[in-house]
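Heads up: the sequence lines are chains A and B, in that order.
According to our numbering, the residues represented by the first sequence are 1 to 702, in order.
According to our numbering, the residues represented by the second sequence are 1001 to 1290, in order.
All C-beta atoms in this analysis are idealised placements derived from N, C-alpha and C, irrespective of residue type, glycine included.
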Amino acid sequence: MAGFSSVDDFVSSVTTSGQFWRQDFVKLVATGTVVAGNAYDLWLGNGTIQQYLHGNLVKNYDFTSSPTDWSGVTGAWSYTPGTHLITRTASASDLAIYQTIRMVAGCYYYCRYTIARSAGGVTFSLGGTNDTQRTAAGTYSAIILCGSTDKTVKFTADSSYAGTIDLVSVQPIAGNFLPYTDTSCEGSMWHGGDVSPQTKHLVNFGACVNAASVPNILYLVDVLGVYPRITMTQTANYIMPVGANSVRGAVLEDCQDDWNEQTVANTAHALVVKATEGVTGASVNASCVKLSVSNDTFTTGIIGSEVVGPTTNMTYYYQYAQYVYMWVRSTINLDAGDLTFCTDESANLASSQDVALPALTANTWTRVRLDVSGVAIADRDVVVSIGIKVAVDKNQAFSVYVDDVEWAMPDYVLRNGTFTANADGWTLGANWAYNSNNITRTANASITTAGQTLLPVVQKCPYLVTYTLSARSAGGVTISLGGTSGTQRVANGTYSEIITCGTTNYTLEFTPDATFDGTIDDVICEALMPRSDVGAANYGANNKFYYVMDNQISNGAQTANVDIRYTNSSGSEGTHNRSLGGTVINMASDVIAHLPHSGVGAGKYGPFLPLAAGDTGVQSVDQMAFSGAAATAESAVNVVVCKVIASIPITTAQVFAERDLMNQLPSLPRVRDGACLQLLHLSGAVTVQGTAFVGFCDFAWS
Amino acid sequence: MANRARDILYDAYELGQNTYATFRKVPSIASVANMWVDLSMSTGNPRPNFYVGDELTFTVPTDWYKKGIWHGGNVSPKKKFLHKICFWGGGAAVAPAPYLLCDYLGYVPLIDMDNTDAQAVDNTRATLPRYTSGVGVQAFLVATQPYVGGQNFQITYTNSDNVSGRVSLLSVTNTSTYIGQIVNSGITATGGRNFMMPFIQLQAGDKGIKSIQSIQFYGANGGLAALVLCRPIVNLMTRDPAAWVEMDFLKNKPSMPRIYDGAYLNLLVLASATVASIPTIGEITTVWTD
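Following this line, the structure appears as structure tokens:
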């Protein structure tokens, strides 16, 4: 049995088995003067534990000790310890330095870097996609579509470039969840490593502060993960989408009012009550939209459309979306492509971009997933109209019901999980082949796999993997992630299962048995909240969240209300889109490391955002909106989910506050394998930049 | 009382498997506030440690443990633990103040802080004792001659995963100038890269030092120093010059720190003012058992 069965068991574990780890730390306040009553994320400050930029895929982004993790720092490129910069002198050779990171071709990333130069130019590239060549000193940023040439972030100089590189960051955009472990990111406090099947506990916790900046409360938290780069620059009711999987998408149109933008001849549109209409099912909504072809005079074209817009339904990030989900029901059988989902930046779908719906069985609600990534960004950054078209004349009257149109970002794990037009990104072993927007395998005694390698998955974290198996005639196939296998499937269907990514590799692959003959499609791999008992009835219990300014960019004069929706910890699925338990007001002209929702005024909560009454935890963050736009270009926040391990009040400068969590405050908080430990601080007094929190943690396990 | 704890106490106090020893350190040289001081170099009991040895050679003095805070002789195959410590800081500079009891593992003496070359360390005459993998082993640079300060330096080392060529984060020497001051400790007004902890910051992800390869200053700093490898044992805290600190590691802050055979124990202190002539007085009790 894991855990300490008695005090004596503790003594025995420590003294006999040496199951104990002591870790010192010092963290400096990163920002300008800290204000009393406010909360701050100490992760962003210097010290031991290392400084870390939330969501940054680049290691050693500020070259604090050496050029480690970077290649090509030789010859014309050199490291300058005194200034911790990468410096280049003009040369016809040694043009590039680079770092290999795990990212997804075809996904967008926010890239930022700082250069100084005296001559020439340098070009940043991501996976082979170039940013603009820079020929002036400055800090540059861009949202770049990751190329497929390689998996590097690279700086390529021209022969005359002489200058420096610093502060390089590559972050997923739009809040795609990035889980953290003690080894997945820089900046986690070491607590002794994995001990399972034993359990580890915090035994002693002590800290002091050097300056007369007391009182303070220091929180030791297990940071579960982050939703990075959520922009603050959009106007009211901007919504951040999360969840590539069908469980959670951002609502595009809830279909609770009639789609009445236009009425096309020989068609009709209405809002109907499901129960009355005899079409109960789909979402929990009581009503749905009904679009009808009135007679066989109608051939093809628009059968209904609805006005949407940036201030209501659409979002800034729809331009980067990959999927649209919608419930659809038809009164007749339809083939794939008979209907299309349409969006347009002009009214009335005057020049729409259309995506085909799959086949539908008559009188059956079907939640379809449409890949909209093929629609050009320029055609969907300001969408004002959505609707349905009949693309193939059915020569009869029929009706289509529509409910809950949602959209979602890519999962930021897999490339081309829908095998659209090809199998790019996938390595297909013998007897696997691209078919028609899917892949097939023919039975063969030689067992080879179909998969993707070097994925940006975090080992030891849970993922929801979804895929569709069809046209199976024999045998079975098993999906695996990181070397950990899921369940073998031996029947057609769409499957979702939770797999904790193994530690063997960073590969997702399908392994057939010798007789397997079938088709795979629609593969999604979505990160779930780690160390939160995923799948259990208490999934997400005791998780809390906060947000913090991203990448040292302030937010200008913005005192917007913040609307964050989350999925609570009610049951294994939780309840989605829960509202916060109070009106939260953002802080204007904020500084790095500060939690903008914290403070002493009205609408301020800290360090954690208030949950709705009765809620005790968080499974995921679903949406986020600011009621007004930030004045500073590119300002954004990171939403961080964590568990509190312990807190300690520091009342007197230079005097250690210590807590014995066995005898003094019996609790022995659990520290799970993979815990990413960091510190938050709630200030009770003005604290100047560079003030140091010094302390230690003792961990023991049994 | 349950068996293990009872066994420890029985072995210790019924069978005499314990050592009680006192210490008294009174620095004769000044220090600067908010910078760690190595009390092993101070006069008193145990006697001062002068970090003698050949320059740039990793040194582990023979029977060094006899010259530190006494914790008893070798007890292997039994295991020794720190049971209790009581001590007192005799002035405002060291009370309140945090202390660190450390097991000093070895040192590299006579580092010329004016030399801006990468100074390679000779590791052929001694290897890291007791914590041989290097897990949890930290390093600090202590002045053995007066210096000027204000220069950057880094060390290269092999970490506890046996990966060589690791590079510490940039450290800035403080401007204390005093012998016995930990050169890499202290803070600037804006925080900079000086830290309140006494140890040199390791490369991200590293959990300890197995051996030192080199040290390099990026400007002439002045003075001589010793680079010390140690394993922190326990944090301690004085709170008032009139208050005796008593800590029982079985009951108060349960941890029962392990004291290995041959451990050289001594103290570091983060003083809030000069430590000159201010005593730190105390006693420790170690116990050993199977």
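The criterion of a C-beta distance shorter than 9 Å is satisfied by B/VAL1234 and B/PRO1257. When beta bridges are read from the DSSP output, A/ARG489 appears opposite A/VAL477. In the structure shown, B/ARG1258 adopts extended strand secondary structure according to DSSP, grouped into three states.
The beta strand (DSSP E) runs of length 3 or more contained entirely in the region 1057-1124 of chain B are, from start to end of the chain, 1079-1089, 1097-1112 and 1118-1120. Going by DSSP, A/ALA450 is part of the beta strand (DSSP E) stretching over 450-452.
Residue burial annotation: A/THR267 is buried, with at least 16 other C-beta atoms found within 10 angstroms of its C-beta. Within 10 angstroms of the beta-carbon of B/GLN1145 lie fewer than 16 other beta-carbons, which makes it exposed. The beta carbon of A/ASP41 lies closer than 7 Å to those of VAL548, ALA593, LEU595 and LEU680 in the same chain, with the five residues before and after it left out. The alpha-carbon of A/ILE498 is positioned some 38 Å away from that of A/GLY206. Annotation: A/GLU186 is outside any beta strand (DSSP E) and is labelled neither H nor E by DSSP. Residues of chain A with a Cβ closer than 9 Å to the Cβ of B/GLN1154 are, in chain order, SER65, SER66 and PRO81. Within chain B, no C-beta atom comes nearer than 9 Å to that of A/SER647; the closest sits roughly 18 Å away. The three-state secondary structure of A/LYS27, taken from DSSP, is strand.
Counting only runs of 3+ residues, the beta strand (DSSP E) found wholly inside the region 298-356 of chain A occupies 301-307, 323-330, 339-344 and 353-356, in chain order. For B/GLY1205, the nearest beta carbon of chain A is closer than 9 Å to its own beta carbon. Taking 7 Å as the upper bound on Cβ-Cβ separation, chain A lies near residues LYS1079, PHE1081, PRO1096, ALA1097 and PRO1098 of the region 1077-1111 of chain B.
Under the three-state reduction of DSSP, B/ASN1152 is assigned to strand. Under the Cβ criterion (8 Å, minimum of three pairs), the region 131-143 of chain A does not count as touching the region 186-193 of chain A. A/ALA275 and A/GLY127 have their alpha carbons spaced roughly 52 Å apart. Put simply, of A/PRO512, A/ALA491 and A/THR487 the residue whose alpha carbon is nearest the alpha carbon of A/THR500 is A/THR487. Membership of A/ALA96 in the beta strand (DSSP E) is indicated by the continuous run 96-100. Short of 8 Å from the beta carbon of B/THR1043, and not among the five residues preceding or following it, lie these beta carbons of its own chain, in chain order: LYS1025, VAL1026, PRO1027 and SER1028. Excluding sequence positions up to five before and after B/VAL1075, its CB lies within less than 6 Å of the CB of TRP1288, all in the same chain and listed in chain order.
Here A/GLU277 carries a helix assignment [DSSP, helix/strand/coil]. DSSP places A/VAL293 in the uninterrupted beta strand (DSSP E) bounded by 287-293. Apart from the 5 residues on each side of it in sequence, A/ILE377 sits with its Cβ closer than 8 Å to the Cβ of GLN319 and TYR320 in its chain, given in chain order. With its beta carbon at least 9 Å from every one in chain B, A/THR449 lies outside the interface. In the DSSP annotation of this structure, B/PHE1050 is not part of any beta strand (DSSP E), being labelled neither H nor E. GLN1154, VAL1167, SER1168, LEU1169 and LEU1170: these are the residues of the region 1153-1180 of chain B whose beta carbon lies less than 7 Å from some beta carbon of chain A, given in chain order. By the criterion of a C-beta distance shorter than 6 Å, A/LEU428 is surrounded in its chain by ALA450, once the five residues flanking it on both sides are discounted. Spatial neighbours of A/ILE332 in its own chain (CB-CB distance under 8 Å, excluding positions within 5 residues in sequence) are listed in chain order as ALA362, LYS394, GLN396 and PHE398.
The alpha carbon of A/VAL688 has as its nearest neighbour, out of A/GLY45, A/ASN568 and A/ILE230, the alpha carbon of A/GLY45. B/ARG1047 counts as exposed, since fewer than 16 other beta carbons sit within 10 angstroms of its beta carbon.
Taking a Cβ-Cβ threshold of 7 Å, none of the residues of chain A is close to B/SER1042; the smallest such distance is about 20 Å. Residues ASN568, ARG578, SER579, LEU580 and GLY581 of the same chain have their beta carbon placed closer than 8 Å to that of A/ALA612, with the five preceding and five following residues left out of the count. Of the residues A/TYR110, A/ALA541 and A/LEU218, the one whose Cα lies closest to the Cα of A/THR231 is A/TYR110.
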